[in-house]
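Only one structure is covered here, and it is reproduced in the block below.
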Amino acid sequence: MSKLKESLKSGKFTITSEIGPVKGTNIQKSLDEIEPLRSKVVAFNVTDNQSSVMRIASHAVCTLLHQRGLEPIYQLTCRDRNRLALQADLLGAYVLGLRNVLALTGDHPVLGDHPEAMPVFDFDVITLLQTIKKMMEGKDWAGNSLDGAPNDFFPGAVVAPDSEPQDPQIFKMEKKIEAGAMFFQTQAIFDTGKFESFMNKVHKFNVPVLAGIILLKSPAMAKFMNENVAGVFVPDKLIKELDSVDKKDRPKKSIEIAARLIREVKNLCQGVHIMALGWEKYVPSVLTEAGF
Amino acid sequence: MILSKQKPYEKVLESIGNARNLFIVGCSGCPIGCQSGGEKEVINFKEKLTGEKKNVKGWIMIDFLCNKALVGSRLRRRLNELQGTEKILVFSCGIGVQAVANMVDIPVVPALDTISAGGLQGLWPSTERCQACGDCVLDRTAGICPFTTCAKRLLNGPCGGSHSGKCEVEKDRDCGWYMIFSRAKELGILERLKEPIPPRDHRKRDLPPELRGTTLSALEFSNERRAQ
Chain W
238 MSKLKESLKS
248 GKFTITSEIG
258 PVKGTNIQKS
268 LDEIEPLRSK
278 VVAFNVTDNQ
288 SSVMRIASHA
298 VCTLLHQRGL
308 EPIYQLTCRD
318 RNRLALQADL
328 LGAYVLGLRN
338 VLALTGDHPV
348 LGDHPEAMPV
358 FDFDVITLLQ
368 TIKKMMEGKD
378 WAGNSLDGAP
388 NDFFPGAVVA
398 PDSEPQDPQI
408 FKMEKKIEAG
418 AMFFQTQAIF
428 DTGKFESFMN
438 KVHKFNVPVL
448 AGIILLKSPA
458 MAKFMNENVA
468 GVFVPDKLIK
478 ELDSVDKKDR
488 PKKSIEIAAR
498 LIREVKNLCQ
508 GVHIMALGWE
518 KYVPSVLTEA
528 GF
Chain G
8 MILSKQKPYE
18 KVLESIGNAR
28 NLFIVGCSGC
38 PIGCQSGGEK
48 EVINFKEKLT
58 GEKKNVKGWI
68 MIDFLCNKAL
78 VGSRLRRRLN
88 ELQGTEKILV
98 FSCGIGVQAV
108 ANMVDIPVVP
118 ALDTISAGGL
128 QGLWPSTERC
138 QACGDCVLDR
148 TAGICPFTTC
158 AKRLLNGPCG
168 GSHSGKCEVE
178 KDRDCGWYMI
188 FSRAKELGIL
198 ERLKEPIPPR
208 DHRKRDLPPE
218 LRGTTLSALE
228 FSNERRAQ
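Below, the structure written as structure tokens:
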């Protein structure tokens, strides 16, 4: 059984993190980077052509994590594959030992490094989740029987609580739950007051939510994300706070902010999803400072 | 000409649902040419609906529903009948259905599937667009097409990139699903929007062989006339 599922089921505050696959074949560095997190992090997301930038395949890196005894969360977007490829990849992932699948729409190709690419979106994420459910029950989308069903998948999805207005996002979240999503990871949150009101609205769905935490490296990075990353909004107050310290003290400040965010959301949700974006070495300090 | 064909009768009935008081809008443009929704078809449909104990409060034929200003001015003369109308059945391509949906605060039901925009005669659209997917869902999506307004052609709600009603792709582009959600809320049909919409049948985007034949014959016919 999926360790992530087990952890969420036990009611333990669950910590996940992620690894961004490289553009190329030199993956050793990113594998080494997450080693220090082994004892505190339950599972690691592996992104799927994140931000529509072409990189090494998610399922390949997931498999490497799995072989090393780390629990991967296979991110699968609807952007690059039609319904045949999505289902074939899901079956392939299953036989390679992957159990957690995070179903996503995917950013639009124009945001990435191959902007002229065909945006596939043959299935949207609702249909993808329905398909996973159907496959777990032994049928493909078209209704044909599978010779061996991937019945132990643990499907999840994402939601962006900082998006304005919130209601259409919650409407979609509810549809995702109906379609089979069993856990949620959120886009990075920075406004914990807003997150609280979000959690109050979705509490009734009774599905575990892991709040997204990003380590802010610099004011420039925060501004860049505000401009370019879908669903991420860093408030000016935090940018100023980060700007108030010397460059050399930034990691310390970044750790302090991330730990504070985690403490503030700890009693609101079932866990956190930490996106370190290259600063994995600071994650243990973040967790210690947050009380884990 | 924009090619369309009638949706299966049961599908239209399903979209009408429990609504009893109906109004029918027909287009005297392309649907007459492909015999999917001229006056004859509209009257036939009206009689069938009356047989279903539906109250068709009125009907109107308008020249080119894709001309939104014209749609607005013609419907304004029929406000009495539109008062109390629960759903408007529209016989036109997706552009005409969206134009009607934009002019009146009553949910629309497309009676036709748009299958090709070959030729484009009579096309005079405003912001509404139709990709002739051949599987119209405008009854489900508050009269706004998710296929043409959403950059990702999503059928079941906004992606995480939607912010302040704008799309992640271009900052000044409206998010189609924000528009659909807001309009559905205004019209009181959010519950229906929660039902999942199945993915497109991409076979329907291709022109069926019999219609390919029709288009060709039309061209051959005009060439013959020119030769004479």
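In order, the protein sequence lines correspond to chains W and G.
Heads up, the first sequence is in the working numbering, so the first residue is 238 and it goes up one at a time.
Heads up, the second sequence is in the working numbering, so the first residue is 8 and it goes up one at a time.
Glycine included, each C-beta is placed from N, C-alpha and C at the ideal position.
What number of angstroms, rounded off, separates the C-alpha of residue i from the C-alpha of residue j?
i, j, result
"F529/W", "V523/W", "9 Å"
"T525/W", "E415/W", "37 Å"
"Y16/G", "E59/G", "12 Å"
"K18/G", "A495/W", "53 Å"
"S491/W", "K484/W", "11 Å"
"Q403/W", "K55/G", "43 Å"
"T92/G", "R136/G", "26 Å"
"M462/W", "D399/W", "13 Å"
"A124/G", "I113/G", "27 Å"
"C506/W", "I196/G", "31 Å"
"A158/G", "K477/W", "34 Å"
"Q138/G", "E177/G", "20 Å"
"P205/G", "L119/G", "18 Å"
"K249/W", "L89/G", "57 Å"
"H303/W", "S267/W", "15 Å"
"R199/G", "A527/W", "43 Å"
"S189/G", "G164/G", "12 Å"
"L145/G", "G168/G", "23 Å"
Following the continuous alpha helix (DSSP H) through residue i, name the residue where it begins and the one where it ends.
i, result
"D269/W", "265-270"
"T155/G", "153-156"
"W184/G", "183-194"
"D120/G", "Here D120/G belongs to no alpha helix (DSSP H); instead the beta strand (DSSP E) covers 119-123."
"E423/W", "The sequence as given places Thr at residue 423/W; Glu does not occur at that position. No alpha helix (DSSP H) holds T423/W; the beta strand (DSSP E) holding it covers 421-425."
"P346/W", "P346/W -> no alpha helix (DSSP H), and no H or E assigned at all."
"H351/W", "H351/W -> no alpha helix (DSSP H), and no H or E assigned at all."
Counting only beta-carbon separations shorter than 8 Å, does residue i have a partner in chain G?
i, result
"Q406/W", "yes"
"Q424/W", "yes"
"H510/W", "no"
"P392/W", "no"
"P472/W", "no"
"V395/W", "yes"
"S247/W", "no"
"S400/W", "yes"
"T364/W", "yes"
"Q507/W", "no"
Indicate whether at least one CB of chain W lies closer than 8 Å to the CB of residue i.
i, result
"C143/G", "no"
"C166/G", "yes"
"R160/G", "yes"
"K18/G", "no"
"N163/G", "yes"
"K201/G", "yes"
"E198/G", "no"
"F188/G", "yes"
"P117/G", "no"
"Q235/G", "Here the model assigns Q235/G a pLDDT of 48, short of 50, so the residue's position is not dependable, and the following value carries that caveat. It does not: the Cβ of Q235/G has no partner Cβ on chain W nearer than 8 Å."
If you drop the 5 nearest sequence neighbours on each side, which residues of the same chain put their C-beta closer than 8 Å to that of residue i?
i, result
"I293/W", "P258, V259, K260, G261, T262, I264"
"V395/W", "L339, L341, F421, Q422, T423, Q424"
"L479/W", "L453, S455, P456, A459, R487, K490, S491, I494"
"L348/W", "S288, S289, N465, A467"
"L20/G", "E59"
"E48/G", "Q13, G33, P38, Q42, F98"
Would you give the residue range spanned by the beta strand (DSSP E) that residue i belongs to?
i, result
"I256/W", "251-256"
"Q312/W", "309-314"
"G449/W", "446-451"
"S11/G", "10-13"
Looking only at its own chain, which residues have a Cβ that is under 7 Å from the Cβ of residue i, when we skip the five neighbours before and after it?
i, result
"R336/W", "S239, D389, F390, F391"
"R207/G", "C140, D142"
"K413/W", "V362, I363, L366, A394"
"V279/W", "K240, L241, S244, T251, I252, T253, E308"
"L161/G", "P153, W184"
Leaving out the 5 sequence neighbours to the left and right, which residues in its chain are closer than 6 Å to residue i when beta-carbon positions are compared?
i, result
"D359/W", "N319, R320"
"N62/G", "R27, N28"
"W516/W", "L452"
"T314/W", "D285, L341, G343"
"M579/W", "Because chain W here runs from 238 to 529, residue 579/W falls outside it and cannot be looked at."
Using a Cβ-Cβ distance under 8 Å, would residue i count as near chain B?
i, result
"H351/W", "In the structure shown, chain B does not exist; the protein chains are W and G."
Could you say if the stretch 32-41 of chain G and the stretch 92-102 of chain G meet the contact criterion of at least three C-beta pairs nearer than 8 Å? Between the stretch 32-41 of chain G and the stretch 92-102 of chain G, the count of C-beta pairs closer than 8 Å reaches three or more; the two stretches touch.
Is the stretch 144-152 of chain G in contact with the stretch 317-325 of chain W, if contact means three or more CB pairs nearer than 8 Å? no
Can you find at least 3 beta carbon pairs, one from the stretch 74-86 of chain G and one from the stretch 39-51 of chain G, that sit closer than 8 Å? no
Cβ contact (3+ pairs, closer than 8 Å) linking the stretch 368-384 of chain W and the stretch 424-433 of chain W: Taking 8 Å as the limit for Cβ pairs, the verdict is that the stretch 424-433 of chain W does not touch the stretch 368-384 of chain W.
Sufficient close CB pairs (3 or more, under 8 Å) joining the stretch 296-312 of chain W to the stretch 346-353 of chain W: no
Inspect the CB distances between the stretch 182-191 of chain G and the stretch 205-216 of chain G and report whether three or more fall short of 8 Å. no
Specify whether the stretch 506-515 of chain W and the stretch 445-453 of chain W touch according to this definition: at least 3 beta carbon pairs, one from each stretch, less than 8 Å apart. yes
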